[in-house]
Amino acid sequence: MAFEYLATYKTFESVADMDTAVENHMAAHYYDLTESERAIVFKLASHALEHPGVCHLKASTIATSLEISTKTVYRSVKKLVELGIIEKLPGTKLNGIKGASIYSLLPYVPSSVSQRETVSEASNDKVCRPQSENQAFNSFNLLSSKQANNIYNLADEIA
Numbered sequence: 029m030a031f032e033y034l035a036t037y038k039t040f041e042s043v044a045d046m047d048t049a050v051e052n053h054m055a056a057h058y059y060d061l062t063e064s065e066r067a068i069v070f071k072l073a074s075h076a077l078e079h080p081g082v083c084h085l086k087a088s089t090i091a092t093s094l095e096i097s098t099k100t101v102y103r104s105v106k107k108l109v110e111l112g113i114i115e116k117l118p119g120t121k122l123n124g125i126k127g128a129s130i131y132s133l134l135p136y137v138p139s140s141v142s143q144r145e146t147v148s149e150a151s152n153d154k155v156c157r158p159q160s161e162n163q164a165f166n167s168f169n170l171l172s173s174k175q176a177n178n179i180y181n182l183a184d185e186i187a
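Residue 29 is where the sequence shown starts when you use my numbering, and the numbers rise one by one after that.
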């Protein structure tokens, strides 16, 4: 086989794992992606069967097969990389001519899990202590004691 070097970039153990990741990415980002961007993901997945999750294609090949412009392919690939759906690995150069890029489909990781604080981290916050909703009027913990006394005296005079 001509593309044995792709085995080093393989991201999935099986085609079924890759298909599940693609489905999850599509479900999570369906409304963020255009029809062309979704088609590019499916095109990359269809070429990543021998080494699940990685393929070697030129932008012009993708553009021709999907009947879109190469500029659309470049824009779409950039967006897919930003969303964490694919990774574009540097293409090999042969005699100074730019070769095809290696595209790697990434496993699906829910963004809410990776960015959300755990409950224990949030409760150990030393900057903002938990305060009751019905905090007493005379709680001036941010004021100096002299300022607090002046406000207490003013409140007593008004009462």
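By construction, the Cβ of each residue, glycine as well, lies at the ideal position given by its N, Cα and C atoms.
C-alpha of S132 to C-alpha of Y33: approximately 13 Å in a straight line. By the criterion of at least three beta-carbon pairs nearer than 8 Å, the region 68-87 is in contact with the region 33-43.
In this structure the region 99-111 lies against the region 52-69, because at least three pairs of beta carbons, one per stretch, are closer than 8 Å. A straight line joining the alpha-carbon of L72 with that of V50 spans about 10 Å. DSSP places H57 in the helix class (H, G or I) of the three-state scheme. Here the C-alpha atom of L134 lies approximately 21 Å from the C-alpha atom of T100. Of the residues T48, P138, M54, R66, the one whose Cα lies closest to the Cα of L94 is R66.
In the three-state reduction of the DSSP assignment, S88 falls in the helix class. Its chain contains L61, R66, V69 as the residues whose beta carbon lies nearer than 8 Å to that of M54, once the 5 sequence neighbours on both sides are disregarded; these appear in chain order. With a cutoff of 8 Å on beta-carbon distance, H75 and L111 are scored as not near each other. Residue pairing by DSSP puts K116 in a beta bridge opposite Y131. Under the 10 Å beta carbon count, I130 is surrounded by 16 or more other beta carbons and is classified as buried.
V137 sits in coil when the DSSP states are folded into three classes, being neither helix nor strand. Inter-residue distance for K116 and S88 is about 15 Å (C-alpha atoms, whole angstroms).
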